[in-house]
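Beneath this line is the structure, given in structure tokens, with notes to follow.
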Amino acid sequence: MPKKTKLVNSKGIRTDGRKIDELRPVKLEVGILSNADGSAYIEQGKNKILAAVYGPGEVHPRHLALPDRALLRCRYHMAPFSVQERKSPAPSRREVELSKVIREALQPAIFLERFPRTSIELFIEVLQADGGTRCAGVTVASLALADAGIPMRDLVVACAAGKADGHIVVDLNDIEDKEGEADVPVAYMPNFDAVSLLQMDGILTIEEFEQAISLALDGCRKIYALQKEALKAKYQAIKEEVEGAEEE
Ligand code: UDP
21 MPKKTKLVNS KGIRTDGRKI DELRPVKLEV GILSNADGSA YIEQGKNKIL AAVYGPGEVH
81 PRHLALPDRA LLRCRYHMAP FSVQERKSPA PSRREVELSK VIREALQPAI FLERFPRTSI
141 ELFIEVLQAD GGTRCAGVTV ASLALADAGI PMRDLVVACA AGKADGHIVV DLNDIEDKEG
201 EADVPVAYMP NFDAVSLLQM DGILTIEEFE QAISLALDGC RKIYALQKEA LKAKYQAIKE
261 EVEGAEEE
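Going by my numbering, the first residue of the sequence shown is number 21, and it counts up by one from there.
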């Protein structure tokens, strides 16, 4: 059997130098694509993910249109060069599953009922993956939806926690995800204190599970603050541009 990596050392430090309750550095940018109705970009550790939104618009094929609300469509896709071993560009079972769970995590936050018979299309492109892409995908997608001006009850933010070398840790990286004992991704709407995605891979005791949820929610609250800053930054830049033009 291959030798297992030491994921947390005797000082409680992880493979990438983080403490057990420390998030990876998160960088968020809103409105970076000119052709989509809304877009956003996230770097979380080594993850690099783009999200783009079109809509609300016409539904094709038309028979899929819903009489009382918009149809939310979501495609999570990993670029062939996003992982160490070239990934086929065709959608894998995993990508089909993640497209579904991400859609379901975002759906409760959107006022879909305001746009009957239309569709809102969401594209999530993973350019570089390092564990926790479904969570980073939810975080960046909700910013792209907000950027497209789609009315929402709250932003949705996601973060995972799990178990590595017997420690409950937050925001697992790729090696912790693969070699750790458990992974619990959580998506959260902080204003409603409501969870819209909860999955678990591996085995935890009830106490460990509660600790993991609590760490994941703390992580979500920290990333939520960054999401709001990223949204404001876009409008601040527009405001400064307009004021600059007026002065000329
Ligand atoms: N991964 C990979 N090749 C694949 C799919 C996944 O190397 O075809 C890696 C990738 O780094 C991903 C990690 O495995 O982030 C964990 O995948 P998982 O299904 O747990 O989803 P995630 O943690 O990204 O939400």
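For each residue, glycine too, the CB sits at the ideal point set by N, CA and C. Computed from a predicted structure; not experimentally measured.
Any heavy atom of ligand 1 within a distance shorter than 7 Å of the CB on residue i?
| i | result |
| --- | --- |
| lysine 248 | no |
| proline 205 | yes |
| aspartate 150 | yes |
| lysine 120 | no |
| cysteine 179 | no |
| arginine 123 | no |
| methionine 220 | no |
| aspartate 36 | no |
| aspartate 194 | yes |
| threonine 225 | no |
| lysine 107 | yes |
| arginine 114 | yes |
| glutamine 104 | yes |
| aspartate 197 | yes |
| cysteine 155 | yes |
| methionine 98 | yes |
Our contact map puts residue i next to residue j with C-beta atoms below 8 Å; I'd like the distance itself, whole angstroms only.
| i | j | result |
| --- | --- | --- |
| lysine 183 | alanine 202 | 4 Å |
| asparagine 67 | aspartate 150 | 5 Å |
| aspartate 36 | asparagine 211 | About 31 Å separates the two Cβ atoms, so there is no contact after all. |
| isoleucine 140 | alanine 90 | 5 Å |
| glycine 152 | aspartate 185 | About 18 Å; that fails the 8 Å criterion. |
| leucine 126 | alanine 161 | 6 Å |
| proline 171 | arginine 134 | 6 Å |
| threonine 138 | glutamate 230 | The Cβ separation is near 41 Å, so there is no contact. |
| alanine 71 | leucine 142 | 7 Å |
| glutamine 148 | serine 102 | 5 Å |
| glutamate 124 | leucine 217 | 7 Å |
With C-beta atoms as the reference, is residue i less than 8 Å away from residue j?
| i | j | result |
| --- | --- | --- |
| tyrosine 96 | serine 119 | yes |
| valine 189 | alanine 236 | no |
| alanine 99 | valine 146 | yes |
| histidine 187 | isoleucine 69 | no |
| lysine 248 | valine 50 | no |
| arginine 173 | alanine 129 | yes |
| valine 158 | isoleucine 122 | yes |
| alanine 181 | alanine 245 | no |
For residue i, decide whether its Cβ has a neighbour in chain C, counting only Cβ atoms nearer than 8 Å.
| i | result |
| --- | --- |
| serine 119 | In the structure shown, chain C does not exist; there is a single protein chain. |
* Asked: Three or more C-beta pairs closer than 8 Å, one from the segment 175-190 and one from the segment 75-86: is that the case here?
  -> The segment 175-190 is not in contact with the segment 75-86.
* Asked: Is the segment 90-110 in contact with the segment 45-65, if contact means three or more CB pairs nearer than 8 Å?
  -> No, the segment 90-110 does not touch the segment 45-65.
* Asked: Quick one: complete alpha helix (DSSP H) runs, 4+ long, within the segment 184-232?
  -> Unbroken alpha helix (DSSP H) stretches of 4 residues or longer found wholly inside the segment 184-232: 194-199, given in chain order.
* Ranges of the beta strand (DSSP E) found wholly within the segment 71-120, counting only runs of at least 3 -> Runs found: 91-98.
* To do: Decide if the segment 50-60 is in contact with the segment 165-174; the criterion is three or more beta carbon pairs, one per stretch, under 8 Å apart.
  => Taking a contact to require three or more Cβ pairs closer than 8 Å, the segment 50-60 and the segment 165-174 qualify as touching.
* To do: Would you be able to state if there are at least three C-beta pairs under 8 Å between the segment 214-227 and the segment 23-32?
  => Contact annotation: the segment 23-32 does not touch the segment 214-227, with fewer than three C-beta pairs closer than 8 Å.
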